[in-house]
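Chains as they are written, first to last, in our numbering: chain Z, 2 to 776; chain P, 45 to 211.
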């Protein structure tokens, strides 16, 4: 019986529930020093002097380093390079040397015995900066372009000229980000005699980070071991290589002592990758019957002060994925990446797509009003059909061809609408309630999207059975809270024929798996899972081969199930049963069952290679209530319908979708990194940066579809990490627009109370309740 | 000169005596001086609640309490919930309802709910559970599983007693 598809309880849970998880700050080493980063208080200026004299003299301080102490001019390179873009002039230095470009930019590091003392000493570092005017508005900037990208095909100009209808909107997406609950933390433990460094706290792409660190330190990469840890949420931001990822190991190597750094929340909010901030001018051309004939979008990405490890991958993804699930005969997406004096940007869960989906799907709702077509019907008319699959778009993204591999988009839309109606969504949206303080307006919103998942080019897995019969999986993925240990145990148990409780997964230890590509881009189950599947199948094959020798039976007469091999049809099942532990012993060195030249051990390493991504898709729907008096928006109902190909563990897929929705509601209504006119960040605590609580997040209805198994991997799976968040901005914007009865779009996300009040004032009174108000 | 104080306290029933600096938070003291690393720090300014522990019966943000304030007190942390290898009913409910993903905020939610349930679980409605859970932040789950786990535990502890707002 397979355990794939079952709601197996998570293997991660017991340790996390007991407080025995091992997060960054839970690791310590004897004799460790602590580090505190001194950061720029200015958004833009010339760094005249850093005076560390007082700081160094403070009791308990070992050293204070600035850019002058670094071994050369070090910058953080791009991990996801996009062909045709040269970002070398825009990379972030490890420590600022002569110019500061955002509040929070690292300037110096104070190292000492105690974190409290380090913090005290950091405040004694004299910082002399001559301020220069900051660039803060990318939408009106022409002079600070880092890159320009165009993705598209067909003759959009001709199509727009010949269109029966042209509909255009502008939409600004607010600056927000992943903001995991655990701030970053790093511990680097040197062994000066062996020249090694043990690192605790790196995740996501540990092998890539190890290799980069080795290059920057000028040492062999095998001297560095990144250990597997628990991580308190990733969401794209954690685990990228930041300045601190060089500084802390380098200081450990330099001092010959363990060095630990634990970020505080105020630091996190100005130091870790921001994301999302884009300005869209998106337009569609329609034939008289509502068919899309062309789509175009001019996008400005406010990238902050530098191009970090993601380079321009986020805006590229926006432009490449913008056409979504629709038949778009001609398309052109153009992005200008502008550098501003804010915290640099990187990826955040559904990078580029949260933004692009919001622009496209909000445009479609505005177009539906203009064209006098129901918004769901307008989508239905334009969706690609199963007959058109696979659908290749002449667009490349992340270095791969964009081929929508499989699916029945109209069927999922129909199923989602049916489910929303069964649950009473549209009926509830029509029932407006009045109060003495003003109308509470309800609205229904829906949006559809295509996700991407399973980015290659490879993932490697090792599966080994030890003498006790335990099965060890060494994967290159990392544990970020998504439940990868459970999922890989289920995949292993299924392929090998063992109880998943006997499977122990190690994810993200560079010594255990030196060829891992990491956990990001919804790739771990798809690519990492496929590698584990193949390695486990190879172990099964080898186990049967060895068992045949031990049992003196033919391999084809053997069965492997429940962790042991038996001879098919043997009446005396007890004598002819061989456990995996027995077989592992039979594979031990010097075993008489090994043939000459055969390697010992019951183990296999497999590499799963894939050149194209797989494209899951989904529909979101919501009912909101808008208080026109206060501008408060409440999300009353939320539905996600999502095609995942095959759910290894439906409980975890639903968890990913629900969690994604909550984050999306944050970005649609509450979360924003604001700046004042001097470039001072305005969201530096959880008081200003408003993560949604249980009071703001409704129960999320999930319709999980497994109708379109991916043809691109042996498990048929598609990624689930980003389908919950992708269309939340779009869906909430559409529902608020519906509630207010706007003729145009909402213009801007997040829909904070002030903005909603402005929109409510603009809305044309339609005489009576404006719910569902399409005049 | 550091302002040091000798204090004693009970953590999960075990006596500790130590000398702490006046400004050291209870959270840092528990984590770094006493080794109770299950108490997590997510914001250090009292909003996220990841560091929630039970101090003399009441849930508190351990980042907003100084270690010296716990002198003579009884503290319960997440490490004290399970009975040996046996998870508590609340911990088991969290696993059953998929109320955790990364698990970083989980100890705070467990201690918050534990303190509430110990006080009065008989009248716990869905709305009150939601209000309770809204005291802390979770970035992974969307809260639904946490609310369900707290409700399920309350119902299991008080079978047959239905809150007023439910049929």
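Virtual Cβ for every residue (Gly too), placed ideally from N, Cα, C.
Query: Distance CB(residue 616 of chain Z)-CB(residue 452 of chain Z) smaller than 9 Å; Result: yes
Query: Contacts that residue 698 of chain Z makes with chain P (C-beta to C-beta distance below 8 Å); Result: 186, 187 and 188
Query: Neighbour flag for residue 139 of chain P against chain Z, beta carbons, 9 Å; Result: yes
Query: Where the segment 477-502 of chain Z meets chain P: residues whose CB sits under 8 Å from a CB there; Result: 481, 482, 483 and 484
Query: Within-9 Å CB hit, residue 117 of chain Z to chain P; Result: yes
Query: Residue 48 of chain P - containing beta strand (DSSP E), residue span; Result: 48-55
Query: Contacting positions in the segment 81-113 of chain P - beta carbon closer than 8 Å to chain Z; Result: 81, 82, 83, 84, 85, 86, 87, 88, 89, 91, 92 and 94
Query: Per DSSP, cross-strand counterpart(s) of residue 262 of chain Z; Result: Z:187
Query: Alpha helix (DSSP H) segment containing residue 192 of chain P, residue limits; Result: 188-201
Query: Under 8 Å from the C-beta of residue 687 of chain Z: neighbouring residues of chain P; Result: 87, 89, 91, 92 and 181
Query: 9 Å Cβ cutoff, residue 67 of chain P in contact with chain Z; Result: yes
Query: Interfacial residues, the segment 331-363 of chain Z to chain P, with Cβ spacing under 7 Å; Result: none
Query: Nearest-angstrom Cβ-Cβ length linking residue 336 of chain Z and residue 112 of chain Z, presumed shorter than 8 Å; Result: Their Cβ separation, rounded to whole angstroms, is 41 Å, which puts residue 336 of chain Z and residue 112 of chain Z out of contact at 8 Å.
Query: Simplified DSSP assignment, three categories, for residue 459 of chain Z; Result: strand
Query: N- and C-terminal bounds of the alpha helix (DSSP H) containing residue 732 of chain Z; Result: 729-741
Query: Interface positions of the segment 112-130 of chain P facing chain Z (Cβ-Cβ less than 8 Å), listed along the chain; Result: 121, 122, 123, 125 and 126
Query: Element boundaries [beta strand (DSSP E), containing residue 476 of chain Z]; Result: 472-476
Query: Residues that residue 279 of chain Z bridges to, as DSSP identifies them; Result: Z:174 and Z:302
Query: Pairwise C-alpha distance: residue 35 of chain Z and residue 119 of chain Z; Result: 7 Å
Query: Members of the segment 142-156 of chain P near chain Z, C-beta cut-off 8 Å; Result: 142, 144, 145, 146, 147, 148, 149, 150, 151 and 154
Query: Candidates Z:338, Z:486 and Z:526, of which the one nearest residue 143 of chain Z by Cα; Result: Z:338
Query: Buried versus exposed call for residue 437 of chain Z [16 or more other C-beta atoms within 10 Å across all chains shown]; Result: Caution applies to residue 437 of chain Z, whose pLDDT of 47 falls short of 50 and renders its modelled position unreliable; the model cannot decide the point.
Query: N- and C-terminal bounds of the alpha helix (DSSP H) containing residue 109 of chain Z; Result: First-last for residue 109 of chain Z: 107-113, but that is the beta strand (DSSP E), not the alpha helix (DSSP H).
Query: Per DSSP, the bridge partner or partners of residue 61 of chain P; Result: P:52
Query: Residue range of the unbroken alpha helix (DSSP H) whose run includes residue 410 of chain Z; Result: 410-423
Query: Reduced DSSP category for residue 108 of chain P - H, G, I as helix; E, B as strand; rest coil; Result: coil
Query: The segment 2-25 of chain Z: positions lying closer than 9 Å to chain P by Cβ; Result: 8, 10, 11, 13, 14, 15, 16, 17, 18, 19, 20, 21, 22, 23 and 24
Query: Environment of residue 762 of chain Z [buried if 16+ CB atoms lie within 10 Å]; Result: exposed
Query: Reference residue 204 of chain Z, options Z:655, Z:561, Z:186 and Z:10, closest by Cα; Result: Z:186
Query: Simplified DSSP state of residue 479 of chain Z, which is helix, strand or coil; Result: coil
Query: Span of the alpha helix (DSSP H) around residue 378 of chain Z; Result: 376-383
Query: Alpha carbon of residue 214 of chain Z to alpha carbon of residue 457 of chain Z, nearest angstrom; Result: 23 Å
Query: Exposed unless 16 or more other CB atoms sit within 10 angstroms - verdict on residue 74 of chain Z; Result: exposed
Query: Contacting residues, own chain, Cβ-Cβ under 7 Å from residue 342 of chain Z (five flanking each side not counted); Result: 44, 45, 102, 103, 135, 136, 137, 306 and 680
Query: Chain P residues whose Cβ lies nearer than 8 Å to that of residue 180 of chain Z; Result: 183
Query: Within chain P, partners of residue 662 of chain Z - CB distance below 7 Å; Result: 186
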